Amino acid sequence: LLFNVLGYTRLGIVVGLLGFLSCLGLLFIGQVSLARKVLALVSVLVFPTLSVTLHLKTQPAGVWRALWLFVRTTALSLVGAVLMVGLLADKTFMYTLDRFVGVKLAHVLPLLLIMLIFVFIREKQHNPLRKIIRVLDHPVTVKYLVLLGIMGIVLLIYVMRTGNENAAVPAWELMIRSKLEYLLSVRPRTKEFLIGHPLMILMFFLGYRDKYLPLLLIGVIGQVSVVNTFAHIHTPLVISLIRTFNGMWLGAVLGVILIALFLVWRRIEKYLKTIAAEG
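So the sequence shown is numbered by the working numbering: it starts at 192 and just counts up by one.
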């Protein structure tokens, strides 16, 4: 389906057939658990990537349209969560005798896929090889180096904070978690409502441009996290659903606030440019 959306239907058929035969081979040799894990990993990789690729266009959207696109994107990502729950709905996973493997991979690979799709594949009017050369030939300014450094730190923290063994959580975040759990009973994931969802809504509002790629990659984190929430099979399904819903509405509120701040900043920037031009 993802290859079909990108216009590579034949390649998608070949990849799908190879995947199907691989799973049959695992089942044939008795590796049922491994086959479940592999298919669950594929669902985590494909559906967040597919949902963002399908809904994020270059045309800007209004605030309400951006919110609606965010809901639709999250709903499609949740299809991957449904498939994952169906694949891992077994006592060995529910009692944590066995676990879903590749959690860090499931968080990082969708970001790489999104970058590959939006920079080199989706713009078919450009030759991907030429675009790679153009990107490599582009002069690097200090602000881009600073931005890359910040992105590197964010992604490093992101990877460290994923998986079954997370990095230490700072005291301020523990306090926020405690307050949210007290107010909402089921606490939403921080990387969803505070980071991923607001930036994703802003991206829908602005429309995609290559210069917004760093914002897009951070925004996709929210969609990836939504699907990975359901990888915790030992957690009751209703808790994961409430956690996702709380993350969505809180993220939507913060997304609207972020859009308002962006518009204010744009007006200030325009005003300062006008003053500079007159001076």
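The C-beta atom is built at its ideal place from N, Cα and C for all residues, glycine as well.
If you're wondering where the values come from, they're calculated on a predicted model, not measured in any experiment.
Practice prompt. Could you tell me the boundaries of the alpha helix (DSSP H) in which A226 lies?
Written response: Membership of A226 in the alpha helix (DSSP H) is indicated by the continuous run 223-246.
Worksheet item: When we look at the beta-carbon of Q316 and count the other beta-carbons within 10 Å, is it buried (16 or more) or exposed?
Response: Confidence at Q316 is low in this model, with a pLDDT of 48, below 50, so the placement of that residue is unreliable and no value is reported for it.
Discussion item. At the level of alpha carbons, what is the spacing between G340 and Y349?
Written reply: Answer to the nearest angstrom: the Cα atoms are 14 angstroms apart.
Discussion item. How far does the alpha helix (DSSP H) with A280 in it extend, from its first residue to its last?
Written reply: Looking at the DSSP string, A280 is not in any alpha helix (DSSP H), and its letter there is neither H nor E.
Fill in: Where the alpha helix (DSSP H) through S416 begins and ends
It spans 404-420 - the alpha helix (DSSP H) in which S416 sits, taken as one unbroken run.
Worksheet item: Would you say Q414 and T264 are within 8 angstroms of each other, going by their C-beta atoms?
Response: Contact flag set, yes.
Worksheet item: DSSP three-state call for H298: helix, strand or coil?
Response: Helix.
Fill in: M351, buried or exposed, once every other Cβ within 10 Å from all chains shown has been counted against 16
So M351 ends up on the exposed side.
Worksheet item: With 16 other CB atoms within 10 Å as the buried threshold, where does E372 fall?
Response: Exposed, by the Cβ-count rule.
Worksheet item: Taking the C-alpha atoms as reference points, what is the distance between P451 and L407?
Response: Per the sequence shown, the amino acid found at residue 451 is Ala instead of Pro. Counting only the Cα atoms, L407 lies some 18 angstroms from A451.
Discussion item. Our contact map puts I386 next to I409 with C-beta atoms below 8 angstroms; I'd like the distance itself, whole angstroms only.
Written reply: Rounded to whole angstroms, the Cβ separation of I386 and I409 is 6 angstroms, and the two are in contact under 8 angstroms.
Item to complete: Identify whether I448 lies in helix, strand or coil by the three-state DSSP scheme.
Response: In the structure shown, I448 sits in a helix (DSSP, three-state: H, G or I).
Worksheet item: What did DSSP end up calling V345 once you bin it into helix, strand or coil?
Response: Under the three-state reduction of DSSP, V345 is assigned to helix.
Discussion item. Do F309 and H388 have their beta-carbon atoms positioned less than 8 angstroms apart in this structure?
Written reply: Cβ atoms of H388 and F309: not closer than 8 angstroms.
Worksheet entry | Helix, strand or coil at Q316 [DSSP, three-state] | Only weak support is given to the placement of Q316: the predicted model assigns it a pLDDT of 48, under 50, and the question is left unresolved by the model.
Worksheet item: Taking the alpha-carbon positions, what's the V333 to K402 distance?
Response: Their Cα atoms are separated by approximately 15 angstroms.
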